[in-house]
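Peer 1: Encoded as structure tokens, here's the structure I'll be asking about.
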Amino acid sequence: MTGDDHVRDDRTPGVEQHEAMASVLWYTVGLGLAIVATIASFVVAQTNLLWPPGISVGLIVLALAQIGVHLVFFLHLGSGPDDTNNILALAFGVLIVFLVIAGSIWIVANLNANMTTMPMQ
Amino acid sequence: MKIETLTDTPPEPMERRHAGPAPARLVVGYGFWIFILSDIVMFSALFAAYAVLSGNTAGGPTGAELFNLRNVFILTMCLLFSSYTCGLGVLSAERLRPDGFLIFAALTFVLGAAFLFIEISEFAGMISKGAGPSRSAFLSAFFTLVGMHGTHVALGLLWLVFMMAQVVAKGLRAVVRRRVLCFSLFWHALDIVWIGVMTLVYLMGVER
Numbered sequence: 123m124t125g126d127d128h129v130r131d132d133r134t135p136g137v138e139q140h141e142a143m144a145s146v147l148w149y150t151v152g153l154g155l156a157i158v159a160t161i162a163s164f165v166v167a168q169t170n171l172l173w174p175p176g177i178s179v180g181l182i183v184l185a186l187a188q189i190g191v192h193l194v195f196f197l198h199l200g201s202g203p204d205d206t207n208n209i210l211a212l213a214f215g216v217l218i219v220f221l222v223i224a225g226s227i228w229i230v231a232n233l234n235a236n237m238t239t240m241p242m243q
Numbered sequence: 384m385k386i387e388t389l390t391d392t393p394p395e396p397m398e399r400r401h402a403g404p405a406p407a408r409l410v411v412g413y414g415f416w417i418f419i420l421s422d423i424v425m426f427s428a429l430f431a432a433y434a435v436l437s438g439n440t441a442g443g444p445t446g447a448e449l450f451n452l453r454n455v456f457i458l459t460m461c462l463l464f465s466s467y468t469c470g471l472g473v474l475s476a477e478r479l480r481p482d483g484f485l486i487f488a489a490l491t492f493v494l495g496a497a498f499l500f501i502e503i504s505e506f507a508g509m510i511s512k513g514a515g516p517s518r519s520a521f522l523s524a525f526f527t528l529v530g531m532h533g534t535h536v537a538l539g540l541l542w543l544v545f546m547m548a549q550v551v552a553k554g555l556r557a558v559v560r561r562r563v564l565c566f567s568l569f570w571h572a573l574d575i576v577w578i579g580v581m582t583l584v585y586l587m588g589v590e591r
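Protein sequences appear in the order of chains S and E. Just so you know, the first sequence maps onto residues 123 to 243 in our numbering. Just so you know, the second sequence maps onto residues 384 to 591 in our numbering.
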């Protein structure tokens with residue numbers, strides 16, 4: 123095996139074998155979408171365009187959208203059967219990330235809520 | 384190819400099922416993808432620490448007082464454009480154009496170095512204002528998370544220099560192209576982590 127031959131039934135992230143996706147245009151579209159999402163995040167954070175208590179949720183949604191843009195346009199992750207291994211690994215990573223972050227916030231918020239306040243003398 | 388994958392359960396040819404080991408390019412790419420995911424899991428622990436500690440300022444400065452969103456926007460754009468030029472560099476490498484690769488790699492390096500320079504000067508400014516990592520739990524978590532990302536960028540820049548040297552010395556042979564591919568995965572992943580830093584640390588920190 124030289125590593126040079128293109129096989130059709132497996133894919134590695136970052137490489138695109140469909141000519142349409144492996145193009146400067148594809149990267150440029152991704153760059154444009156990412157810039158739009160970034161500017162939207164900064165606008166939402168600094169104005170009252172969104173209902174103020176909803177700003178955090180809006181920022182998280184925009185961040186997830188931008189991460190999706192990066193995965194599809196820069197890392198070329200697709201939903202085809204060739205990508206199953208990569209997507210499964212990614213899904214496991216996302217699960218762990220979610221458990222660590224959400225679990226920590228949940229546990230410590232609970233700890234803070236149950237903390238008895240020191241009586242002031 | 385497209386039509387073949389869209390029809391449900393195409394009959395698998397025997398030679399595909401028994402095609403022997405996968406080519407090195409797939410094995411290397413997939414292995415490095417697993418490493419990147421584990422790196423992101425490591426970052427998630429730092430994100431969790433920051434999310435938990437960000438309110439504990441111990442009477443010191445808060446994020447809203449320290450962060451300069453104009454700088455953060457410039458940092459974000461530096462990293463985003465360097466990700467773009469890195470992708471174009473991989474395209475050049477795949478098409479066996481070493482000159483194109485070297486030009487795009489140099490652009491990537493300049494943008495990454497600009498990112499690092501602005502970030503370090505921002506850190507130095509905070510420390511000189513008495514807002515160093517030892518001031519409060521919030522600042523300890525901030526410097527750990529953002530500093531770890533900055534360390535990754537610095538190591539990435541070092542790696543990029545090595546890749547440029549290898550392309551000059553060895554040419555775009557298969558093993559060098561595999562390393563270029565791994566570098567690009569690393570660099571795109573750093574940009575993805577930065578989206579999290581930008582949103583959770585800076586934008587939500589200022590808004591709070």
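Think of the CB as a built atom: it goes at the ideal place given N, C-alpha and C, for glycine as much as any other residue.
Rounded to whole angstroms, what's the CA-CA distance from residue 554 of chain E to residue 513 of chain E? Just pull it up for me.
Peer 2: Between residue 554 of chain E and residue 513 of chain E, the C-alpha separation is close to 49 Å.
Peer 1: Is the distance from the Cβ of residue 586 of chain E to the Cβ of residue 171 of chain S below 8 Å?
Peer 2: No, the Cβ-Cβ distance between residue 586 of chain E and residue 171 of chain S is not below 8 Å.
Peer 1: Check the Cβ of residue 222 of chain S against every Cβ in chain E and list those closer than 9 Å, keeping chain order.
Peer 2: By Cβ distance, chain E contributes 424, 427, 428, 430, 431.
Peer 1: Could you give the distance in angstroms between the alpha-carbon of residue 524 of chain E and the alpha-carbon of residue 448 of chain E?
Peer 2: So the alpha carbons of these two residues sit roughly 16 Å apart.
Peer 1: What residues from chain E crowd round residue 160 of chain S, counting only those whose CB sits closer than 9 Å?
Peer 2: 456, 459, 460, 463, 578, 581, listed in chain order.
Peer 1: Should residue 511 of chain E go down as buried or exposed, given a rule of 16 or more other Cβ atoms within 10 Å for buried?
Peer 2: Exposed is the call here.
Peer 1: Residues of chain E with a CB under 8 Å from the CB of residue 134 of chain S: which are they?
Peer 2: By Cβ distance, chain E contributes 408, 409, 411, 412, 413, 416, 564.
Peer 1: Using a Cβ cut-off of 7 Å, pull out every chain S residue sitting near residue 470 of chain E, in sequence order please.
Peer 2: Ordered by position in chain S, the residues that pass the 7 Å Cβ test against residue 470 of chain E are 149, 196.
Peer 1: If you run the structure through DSSP and keep just helix, strand and coil, what is residue 202 of chain S?
Peer 2: In the structure shown, residue 202 of chain S sits in coil (DSSP, three-state: anything other than H, G, I, E or B).
Peer 1: Just checking my contact of residue 436 of chain E with residue 521 of chain E at CB under 8 Å: how many whole Å lie between their CB atoms?
Peer 2: That belief holds up - the Cβ atoms of residue 436 of chain E and residue 521 of chain E are roughly 6 Å apart, short of 8 Å.
Peer 1: Using CA atoms only, rank isn't needed, just tell me which of E:560, E:588, E:416, E:576 is closest to residue 214 of chain S.
Peer 2: Residue E:416 is the option with its Cα nearest to residue 214 of chain S.
Peer 1: Strictly under 8 Å for the Cβ-Cβ distance: is residue 209 of chain S near chain E by that measure?
Peer 2: No, residue 209 of chain S lies away from the interface with chain E (no Cβ there is under 8 Å from its Cβ).
Peer 1: Taking residue 448 of chain E as the query, report the chain S residues whose CB atoms sit under 8 Å from its CB, ordered along the chain.
Peer 2: Per Cβ cutoff of 8 Å: no residues; residue 448 of chain E is ~16 Å from chain S at best.
Peer 1: For residue 579 of chain E, which residues from the same chain have a beta carbon less than 7 Å from its beta carbon, with the 5 sequence-adjacent residues on both sides left out?
Peer 2: Hits under 7 Å: 430.
Peer 1: Cα-Cα, which of E:508, E:532, E:570 is closest to residue 546 of chain E?
Peer 2: The shortest C-alpha separation from residue 546 of chain E is found at E:570.
Peer 1: Give the single residue among E:536, E:483, E:516 whose Cα lies nearest to the Cα of residue 502 of chain E.
Peer 2: Out of E:536, E:483, E:516, E:536 has the C-alpha closest to the C-alpha of residue 502 of chain E.
Peer 1: Which residues of chain S have a Cβ atom closer than 8 Å to the Cβ of residue 523 of chain E, listed in chain order?
Peer 2: Per Cβ cutoff of 8 Å: no residues; residue 523 of chain E is ~15 Å from chain S at best.
Peer 1: Would residue 492 of chain E and residue 589 of chain E be called neighbours here (beta carbons separated by less than 8 Å)?
Peer 2: Contact flag unset, no.
Peer 1: Secondary structure at residue 428 of chain E, three-state DSSP: helix, strand or coil?
Peer 2: Residue 428 of chain E falls in the helix class under three-state DSSP.
Peer 1: If we ignore side chains and look at the alpha-carbon of each, how far apart do residue 160 of chain S and residue 420 of chain E end up?
Peer 2: If you take the alpha carbons of residue 160 of chain S and residue 420 of chain E, they lie about 23 Å apart.
Peer 1: If we ignore side chains and look at the alpha-carbon of each, how far apart do residue 541 of chain E and residue 488 of chain E end up?
Peer 2: Approximately 12 Å between the Cα atoms of the pair.
Peer 1: If the cut is a Cβ gap below 7 Å, which residues of chain S does residue 466 of chain E touch?
Peer 2: In chain order: 196.
Peer 1: Does the beta-carbon of residue 210 of chain S have 16 or more other beta-carbons within 10 angstroms, so that it is buried, or is it exposed?
Peer 2: Under this definition residue 210 of chain S is an exposed residue.
Peer 1: Is residue 584 of chain E close to chain S? Criterion is C-beta to C-beta, closer than 8 Å.
Peer 2: Answer no: the Cβ-Cβ gap between residue 584 of chain E and chain S never drops below 8 Å.
Peer 1: Run through chain E and tell me which residues come within less than 8 Å of residue 190 of chain S, C-beta to C-beta.
Peer 2: Neighbours of residue 190 of chain S on chain E: none; closest Cβ ~10 Å, over 8 Å.
Peer 1: Only counting the same chain, and skipping five residues up and downstream in sequence, which positions put a Cβ closer than 7 Å to that of residue 187 of chain S?
Peer 2: 159, listed in sequence order.
Peer 1: Round the Cβ separation of residue 412 of chain E and residue 135 of chain S to the nearest angstrom and send it over; I've been treating them as touching at under 8 Å.
Peer 2: The pair is a contact, with the Cβ atoms about 6 Å apart (cut-off 8 Å).
Peer 1: On a CA-only basis, which of E:408, E:464, E:428, E:407 is nearest residue 527 of chain E? Give me that one, please.
Peer 2: The candidate whose alpha carbon is nearest that of residue 527 of chain E is E:428.
Peer 1: Considering Cα atoms alone, identify which of E:560, E:454, E:563 is closest to residue 504 of chain E.
Peer 2: Checking every option, the nearest Cα to that of residue 504 of chain E belongs to E:454.
Peer 1: For residue 553 of chain E, does the three-state DSSP call read helix, strand or coil?
Peer 2: Of the three classes helix, strand and coil, the one that applies to residue 553 of chain E here is helix, per DSSP.
Peer 1: Find the residues of chain E that neighbour residue 215 of chain S, judging by a C-beta separation of less than 7 Å, and give them in chain order.
Peer 2: Under the 7 Å cutoff, chain E gives 420, 423, 424.
Peer 1: Starting from the beta carbon of residue 230 of chain S, find every residue of chain E whose beta carbon is closer than 8 Å, and list them in chain order.
Peer 2: Going along chain E in sequence order, the residues near residue 230 of chain S (Cβ under 8 Å) are 435.
Peer 1: Please check the pair residue 205 of chain S and residue 197 of chain S, which I expect to be a contact at CB under 8 Å, by giving their CB distance rounded to whole angstroms.
Peer 2: Actually they do not touch by this definition, with Cβ atoms about 10 Å apart.
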